[in-house]
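A.B. asks: Counting from 2, one number per residue, gives the positions in the sequence shown under the numbering used here. Cβ coordinates follow ideal geometry from the N, Cα and C atoms, glycine included.
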Amino acid sequence: MNKLPVKFFIEASAKQAGAFIEAPKDGDAGFDLRSAENLIIQSGMQALVSTGLKAAIPKAWVGIVKDRSSMAVKQIRSHAGVIDASYRGEIKVLLSNAGDNDYQIQAGDKIAQLLILPYNSECMLVESEEDLGDTDRGAKGFGSTGKR
2 MNKLPVKFFI EASAKQAGAF IEAPKDGDAG FDLRSAENLI IQSGMQALVS
52 TGLKAAIPKA WVGIVKDRSS MAVKQIRSHA GVIDASYRGE IKVLLSNAGD
102 NDYQIQAGDK IAQLLILPYN SECMLVESEE DLGDTDRGAK GFGSTGKR
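Printed below as a string of structure tokens:
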């Protein structure tokens with residue numbers, strides 16, 4: 002699969018604070034998102050973290066903000082991360098601290114990753130549930146495929 006160019010812009014104040022963007026390393030799926038500010042997320046709280054980054058995601062593609070494993074293991078998690086192709090504002094990352102201790106973030110720290118993925122938004126309404134077709138799994142959900 003060919004690499005898709007994504008245009009990024011970093012606000013001057015964010016650059017001065019240490020935020021930057023670089024292409025993922027060969028074999029890596031996402032762009033690292035970095036904080037453009039210093040802050041502390043208190044235990045049990047959340048914070049909307051500035052990246053100073055704006056993007057032009059190509060049409061028919063979407064940006065998905067996901068956790069970094071190095072943060073998730075410390076119980077710092079990202080939330081609500083869909084960046085539509087039509088959005089041109091700053092990408093911010095909502096982080097929550099589920100750990101017992103406050104968590105300090107410095108400007109320039111990697112806080113999340115941005116995946117750029119194609120999507121299909123075509124919709125076809127069918128007349129009956131049978132028109133959806135059958136699968137082995139059917140309507141079984143929430144752990145129905147087993148633990149192993």
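Could you give the first and the last residue of the continuous alpha helix (DSSP H) run that contains A108?
C.D. replies: It is not in any alpha helix (DSSP H) - A108 carries neither H nor E in the DSSP assignment.
A.B. asks: Does the stretch 91–100 come close enough to the stretch 118–126 that 3 or more CB-CB pairs lie under 8 angstroms?
C.D. replies: Short answer: they don't touch.
A.B. asks: Would a C-beta distance cut-off of 8 angstroms place A108 and A20 closer than the cut-off?
C.D. replies: Contact flag set, yes.
A.B. asks: Rounded C-beta distance between G53 and A86? I'm assuming under 8 angstroms.
C.D. replies: With 8 angstroms as the limit, G53 and A86 do not qualify as a contact, their Cβ atoms being about 20 angstroms apart.
A.B. asks: Check for me: the beta strand (DSSP E) holding A56 runs from which residue to which?
C.D. replies: Note, A56: beta strand (DSSP E), Q47 to A57.
A.B. asks: Between which two residues does the alpha helix (DSSP H) holding K16 run?
C.D. replies: Element bounds for K16: A13 to A18.
A.B. asks: Alpha carbon to alpha carbon, how far is G139 from E131? Give it in angstroms, no decimals.
C.D. replies: Near 11 angstroms, if we compare the C-alpha coordinates of G139 and E131.
A.B. asks: Where L40 and L133 are concerned, what is the direct C-alpha to C-alpha distance, given to the nearest angstrom?
C.D. replies: Taking the straight line joining both Cα atoms gives about 49 angstroms.
A.B. asks: Give me, in chain order, the residues of the same chain whose beta-carbon lies closer than 7 angstroms to that of I11; leave out the 5 immediate sequence neighbours on both sides.
C.D. replies: So the list reads A20, F21, I22, G53 and L54, once near-sequence residues are dropped.
A.B. asks: Rounded to whole angstroms, what's the CA-CA distance from A13 to A37? Just pull it up for me.
C.D. replies: Using only the alpha carbons, I get a separation of about 10 angstroms.
A.B. asks: Tell me L118's beta-bridge partners as DSSP assigns them.
C.D. replies: DSSP, once it has assigned bridges, lists V63 as partnering L118.
A.B. asks: Looking only at its own chain, which residues have a Cβ that is under 8 angstroms from the Cβ of D103, when we skip the five neighbours before and after it?
C.D. replies: Here the set comprises I41, I42, Q43 and S44.
A.B. asks: According to DSSP, is L133 helix, strand or coil?
C.D. replies: Residue state, collapsed to three classes: helix.
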